[in-house]
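Step one of this worksheet: look at the structure below.
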Amino acid sequence: MKEKSKNAARTRREKENSEFYELAKLLPLPSAITSQLDKASIIRLTTSYLRMRGVFPQGLGESW
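When the letters of the sequence shown are read in order and numbered with the UniProt record's numbering, they come out as residues 1 to 64.
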């Protein structure tokens with residue numbers, strides 16, 4: 001039973017990691033940066049990006 005629990009936890013972690021890295025790939029950053037991010041950084045950058053999109057829904061345009 002203990003082995004089954006370990007396998008279930010391992011599978012869950014693999015799925016979570018896969019989703020985190022898929023989320024990181026969606027961030028508007030170079031892949032050289034997103035491939036080095038840890039989970040907390042991925043969440044922090046994603047929430048910041050979503051907040052920014054709420055403030056600037058059309059983007060920043062060519063003013064940048």
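Ideal Cβ placement from N, Cα and C applies to all residues, glycine included.
Cβ neighbours of residue i in the same chain (closer than 8 Å, five flanking residues each side left out)
i, result
"Pro-28", "Tyr-49"
"Ser-5", "none"
"Trp-64", "For Trp-64, the predicted structure reports a pLDDT of 46, less than 50, and the residue's modelled location is therefore unreliable. A value from the coordinates is still provided. For Trp-64, where only same-chain residues beyond five positions count, there are no Cβ hits under 8 Å."
"Leu-37", "Ala-24 and Leu-45"
Limits of the alpha helix (DSSP H) - the one that residue i falls within
i, result
"Leu-50", "39-55"
"Ser-5", "2-26"
"Ser-31", "31-34"
Interface flag, residue i vs chain C, CB-CB below 8 Å
i, result
"Ala-24", "The chain labelled as chain C is not found in the depicted structure, where only one protein chain is given."
Residues near residue i in its chain [Cβ-Cβ closer than 7 Å; skip 5 each side]
i, result
"Ile-42", "Phe-20, Leu-23 and Ala-24"
Proximity winner among the options, relative to residue i (alpha-carbon distances)
i, options, result
"Lys-15", "Lys-39, Pro-30 and Met-1", "Lys-39"
"Ser-35", "Thr-47, Gly-59, Asn-17 and Glu-3", "Asn-17"
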